[in-house]
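In what follows, a single structure is set out as structure tokens and then discussed.
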Ligand code: HEM
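In UniProt numbering, the protein residues as written are 1 to 358.
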């Protein structure tokens, strides 16, 4: 009896596995070097690296843009390139994504890889490989990335649950834990703020009226707050200026541990950045990274962990990173069929022009 039941269960499991592999799932087995030998004599990772280097050569601000893009893709429905899909209500129209940049860089990489081996390299893997190259070109060391992802079929603004800059440490820990990322991972990944910028509107309250006190945030170095007030005037003009996330001017474009030294000196820009240097749950980790020599290696490991977030939904290798393949058969479950059809309709409509915000 027990043997018969076990046999039936094994049979069901095998059928499930067979169906999953037929439909193609975003949840592939990821491995380092997945594309080795899959593209004739061409080296996919070298092609990606070449395009990324050329683009960053022209515009170094592409590096932080790509790094942020990976976070915003992977944190929402796993690393499935759902952020890249165009559409009236796709993820890129959600407020936290309105200032995400670098879509054209991903398009350029996709064009280059499609030219040598069409239909092989997923857009989701391109984001992860391009980000690794961007980090490495910005002085962050080179980590090995796993590949083998599929591109998702669904992208909805309503799925975007990215943390706002004013999130508390407790809530941020909970948000990362929900994705299987622990407190150290969270502190390391926030080290992404070692490069790039933020708009004044996203931390303006810290300079003038923190938590409705009518005063600046007392945790910010007063001389920094005073300097930032001239870049970010109150009331805001119609230009939303930008400020470096890493306030060490010598290191603002370099992926290194200087961001942690800055936040320990009360020179964090975003509220959450400053708070991880003060909160009992995170300050020792911040101190160890600031005082250590292993940030690059540990950051790479955390990025690989971020890159491993998947959702198990059906997937494909998109022809264009901006749209699902039109010839593709829609997913089988009724819900997914409805969402998929809506998605296809949206993809055909013009993209709306977004506004920034969280
Ligand atoms: C609690 C988590 C996080 C919050 C609340 C947060 C918030 C923000 C905000 C508000 C900005 C400025 C956006 C703008 O002005 O338009 C920003 C920029 C940025 N974030 Fe995060 N972030 C978080 C985690 C991460 C992670 C995990 C990474 C990467 C591993 C990352 C990488 C970046 C980068 C590189 C930029 C600069 C983008 C550029 O210069 O274009 N962030 N983040």
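Glycine included, every Cβ here is placed at the ideal spot set by N, Cα and C.
Extent of the continuous alpha helix (DSSP H) to which residue i belongs
i, result
"residue 111", "103-116"
"residue 272", "271-276"
"residue 78", "Looking at the DSSP string, residue 78 is not in any alpha helix (DSSP H), and its letter there is neither H nor E."
"residue 305", "295-307"
"residue 285", "283-291"
Coil, strand or helix - residue i by DSSP
i, result
"residue 97", "helix"
"residue 223", "helix"
"residue 172", "helix"
"residue 54", "helix"
"residue 320", "strand"
"residue 70", "helix"
"residue 32", "strand"
"residue 335", "Low confidence applies here, because residue 335 scores a pLDDT of 47, under 50, leaving its location unreliable and the question unanswered by this model."
"residue 213", "coil"
"residue 203", "coil"
"residue 164", "coil"
"residue 182", "coil"
"residue 365", "Look at the range of the chain in this structure, 1 to 358, and you will see that residue 365 is not part of it."
"residue 233", "coil"
"residue 11", "Any reading at residue 11 is ruled out, since the residue's pLDDT is 36, under 50, leaving its predicted position unreliable."
"residue 239", "coil"
"residue 159", "helix"
"residue 190", "helix"
"residue 264", "helix"
"residue 84", "helix"
"residue 60", "coil"
"residue 329", "In this predicted model, residue 329 has a pLDDT of only 46, less than 50, meaning its place in the structure is not dependable; the value taken from the coordinates is given anyway. If DSSP states are grouped into helix, strand and coil, residue 329 belongs with coil."
"residue 228", "helix"
The beta strand (DSSP E) enclosing residue i, as first and last residue numbers
i, result
"residue 243", "242-244"
Beta-bridge pairing of residue i - partner residues as DSSP gives them
i, result
"residue 197", "244"
"residue 41", "39"
Whole alpha helix (DSSP H) runs in the region 116-155 with 4 or more residues, listed along the chain?
123-137, all fully within the region 116-155.
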